[in-house]
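Numbering (this note's numbering), first residue to last: 1471 to 1593.
No residue lacks a Cβ here, since even glycine has one placed at the ideal position from N, Cα and C.
Being a predicted model, the structure only gives us computed values, none of them experimental.
Each remark here refers to the structure printed beneath this line.
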């Protein structure tokens, strides 16, 4: 039986049993996502990758004193190599607005609702 992980030149592959100390440590991004997970849960929403990324994009923009509309959020996600369609981003933003997590500003940009911001401050 052929095993693609074994060398084919007749030599034996070295077997390593050492596991790095960081093997089971979650990446730094996961800790940031944990706050957003708690936020979504507090609003009765399930966690999804697109919701995490959209909220994260809005938070990053707010930290940089920028505002993002649908196109801005979509562009920022594409720059991070997160291939989501424009329509998907728009639908997630609309759903987060209807649930009170974010608000649509008069200039058509989105920002975190003050209640959601308070939840994140506590997390």
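Return helix, strand or coil for residue i, following the three-state DSSP convention.
i	result
residue 1581	strand
residue 1500	Residue confidence is low: residue 1500 scores 46 on pLDDT, short of 50, so the model does not pin down where it sits. No coordinate-derived value is stated.
residue 1552	coil
residue 1508	helix
residue 1571	coil
residue 1532	helix
residue 1558	helix
residue 1545	helix
residue 1519	helix
Could you tell me if residue i is buried or exposed, where buried requires 16 or more neighbouring beta carbons within 10 angstroms of its beta carbon?
i	result
residue 1516	exposed
residue 1546	buried
residue 1612	This structure leaves residue 1612 out entirely; the chain is present only between 1471 and 1593.
residue 1593	exposed
In the DSSP assignment, what residue or residues form a beta bridge with residue i?
i	result
residue 1538	1580
Check your understanding: Does the segment 1503-1523 come within contact of the segment 1557-1572, defined as at least 3 CB pairs closer than 8 Å?
Key -> yes
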